[in-house]
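According to mature numbering (1 follows the signal peptide of the UniProt record, and there is no 0), the residues represented by the sequence shown are -20 to -1, 1 to 231, in order.
Okay, structure first, notes after.
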Amino acid sequence: MNLKHLALCIGIAAASSASAQIKYRDTEKKPTLVPYDSSIAFQHLTPDIAQLTLVGQEITFLKLNPKRPVKNKEDTLLDNIKVKAVMEVPYKSVLKGGHFYTPYKAVENKTFRIVDYDRKNLDGGTPTLIFTLRDEDRKLLLFQVPEESLSSTPVIINGNYEWLKQQYVGKKLRLRAEEKKTENVLDNNKEITLSNADTYSCTDIAVIYAGKQKYGQPFLIVKNSENQELAIGVGKKSEYANGPLIEEFEF
């Protein structure tokens, strides 16, 4: 190699080295994602949960309230559960009024595994959670839930239900306030006054039809010092129309 070529190679190497020292920074602040943990109910999923950490979780669709007031023929039909295929069609389709739906009986009290999860703005509207589920026949389904409808979605994450049992069953709870007038959903919503002088022992977790809502909801089953049973809701006031809530207690 002559001196001219050697100088050219050294120059190229120096230029490459200099380019490698240039730093770039992105000014866009990206949200900090957190892994899903079993203390979070399905109804409380938030955008900061790392999407793929929900993969592998099992979910169960709650049973319909047998005493609910049926208002129309579409009361038990869904249009947001579809078979994942080249042409997406409602899961186990039924035809009603010229439109195909998934009958709720096809998913009621059944467990599905989440195999994929995404969050998208469909048609530029409200963010939608899109779960790819696998049923017992290994068929893949798409379950789409608008973010604004999360609080009324009749789904339990099985891991969350088990967490509730581990967290509360066998524990003693005490009312934070001095007293509270509320309803006992285990006794036809009869009015009851709770006192923080009393100790409440959690004996079980159960899904209860506390009123005329379409689906049941999970409650803590507790007994007071007089061995009287009552139920405590494990969500927010907007989700539980009757009875005390877990946030009103300490243990």
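Positions of the beta carbon are idealized from the N, C-alpha and C atoms, including for glycine.
Outcome for residue i when other beta-carbon atoms lying within 10 angstroms are tallied against a minimum of 16
i           : result
residue 7   : exposed
residue 231 : exposed
residue 159 : exposed
residue 170 : exposed
residue 106 : exposed
residue 54  : exposed
residue 46  : exposed
residue 62  : buried
residue 49  : exposed
residue 237 : Because the chain here runs from -20 to 231, residue 237 falls outside it and cannot be looked at.
residue 211 : buried
Own chain residues within Cβ distance below 6 Å of residue i, not counting five before or after
i           : result
residue 109 : 99 and 125
residue 111 : 94, 97 and 123
residue 148 : 182 and 200
residue 89  : 43
residue 225 : 213
Per DSSP, cross-strand counterpart(s) of residue i
i           : result
residue 181 : 152 and 203
residue 24  : For residue 24, which the question treats as bridged, DSSP gives no partner whatsoever.
residue 7   : Its beta-bridge partners do not exist; DSSP assigns none.
residue 197 : 188
residue 63  : 69 and 121
residue 81  : 74
residue 88  : 41
residue 213 : 199 and 225
First and last residue of the uninterrupted beta strand (DSSP E) at residue i
i           : result
residue 120 : 120 to 126
residue 189 : Counting along the chain, residue 189 falls outside any beta strand (DSSP E), and DSSP gives it neither H nor E.
residue 246 : The question about residue 246 has no answer, for the chain in this structure spans -20 to 231.
residue 173 : 170 to 175
residue 159 : 159 to 164
residue 108 : 107 to 114
residue 231 : No beta strand (DSSP E) holds residue 231; DSSP gives it neither H nor E.
For residue j and residue i, the rounded distance between their alpha carbons
i           : j           : result
residue 156 : residue 1   : 59 Å
residue 51  : residue 219 : 21 Å
residue 15  : residue 30  : 5 Å
residue 204 : residue 67  : 55 Å
residue 18  : residue 139 : 5 Å
residue 58  : residue 104 : 22 Å
residue 145 : residue 26  : 23 Å
residue 278 : residue 206 : What is shown of the chain runs -20 to 231, which leaves residue 278 out entirely.
residue 184 : residue 78  : 45 Å
residue 76  : residue 60  : 15 Å
residue 127 : residue 32  : 17 Å
residue 190 : residue 5   : 54 Å
residue 39  : residue 137 : 4 Å
residue 81  : residue 101 : 23 Å
residue 162 : residue 187 : 19 Å
residue 196 : residue 165 : 12 Å
residue 21  : residue 153 : 21 Å
Close beta carbons around residue i, own chain, < 7 Å, minus the five adjacent residues each side
i           : result
residue 23  : 130, 131, 133, 215 and 219
residue 41  : 87, 88, 89, 90, 134 and 135
residue 118 : none
residue 174 : 155, 159, 160, 162 and 224
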